[in-house]
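155 is the number that numbering that gives the first Met the number 0 gives the last residue of the sequence shown; the numbers go up by one with no jumps. Just so it is clear, CB atoms sit at the ideal spot from N, CA and C, and this is done for glycine as well. All values reported here derive from a predicted model rather than from experimental measurement. Below is one structure, written out as structure tokens; comments come after it.
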Amino acid sequence: MRLTRFSDYAVRVLLYLGARTERLCSIGEIAKAYDISENHLMKVVSNLAADGYVESVRGRNGGIRLGRPATEINIGKLIRYTEGEIDLAGCFECKLRGVCRLPGPLDLALDAFFFVLERYTLADVIGEHGGVQILERLSLPSRVIDKISSRALTED
Numbered sequence: 000m001r002l003t004r005f006s007d008y009a010v011r012v013l014l015y016l017g018a019r020t021e022r023l024c025s026i027g028e029i030a031k032a033y034d035i036s037e038n039h040l041m042k043v044v045s046n047l048a049a050d051g052y053v054e055s056v057r058g059r060n061g062g063i064r065l066g067r068p069a070t071e072i073n074i075g076k077l078i079r080y081t082e083g084e085i086d087l088a089g090c091f092e093c094k095l096r097g098v099c100r101l102p103g104p105l106d107l108a109l110d111a112f113f114f115v116l117e118r119y120t121l122a123d124v125i126g127e128h129g130g131v132q133i134l135e136r137l138s139l140p141s142r143v144i145d146k147i148s149s150r151a152l153t154e155d
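Here you go:
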């Protein structure tokens, strides 16, 4: 299964905010840190705020922060929220609908996927010292991160 870009960005926003709990953050700052479109993030943040994942503070010194503690943000529930209804195989448009037995195993696989994700919170994903590690990694140029990542893959 591949998550949508919307879900990817939602997780990134929450990871950033979870690492920066000491102050308000701007959408522009987060977009710059991840090198992604500020316009895309505005829609993601608006959606996250609508469900209480993010709190938006208006005004000159405004910004965004987590809408609830990282320990209360369940990753599985977040992904269910951002993905909406998931149709793994497009069975509704298929001529074999009603005679094919693939939907059963696909439903089981999707249930297993969410069963695992629902065991984790944002705090688990960030880790004990993860906030510092996340911010350090995001401060590095992309070329340096690519070298670090490729080196880590060859060491496995």
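Just measuring C-alpha positions, the residue of 35, 102, 82 sitting nearest residue 1 is 82. Annotation: the region 22 to 57 contains the following complete segments of the alpha helix (DSSP H) (minimum length 4 residues), in chain order: 26 to 33, 37 to 49.
Within the same chain, and ignoring the five residues on either side of residue 40 in sequence, the residues whose Cβ sits closer than 7 Å to its Cβ are 8, 12, 26, 29, 30. In chain order, 120, 121, 122 place their CB closer than 8 Å to the CB of residue 70, counting only its own chain and leaving out the 5 sequence neighbours on each side.
Across the structure, residue 50 and residue 43 are spaced so that their CA atoms are roughly 11 Å apart.
In the DSSP secondary-structure assignment, residue 120 is bridged to 73. Inter-residue distance for residue 95 and residue 6 is about 30 Å (C-alpha atoms, whole angstroms). Comparing C-alpha distances from residue 61 to each of 107, 34, 24, 80 shows the shortest one belongs to 24. Relative to the Cα of residue 76, the nearest Cα in the group 47, 64, 104, 97 belongs to 47. Per the DSSP secondary-structure output, residue 65 pairs in a beta bridge with 53. In its chain, beyond the 5 residues on either side, 75, 79 have a beta carbon closer than 7 Å to the beta carbon of residue 113.
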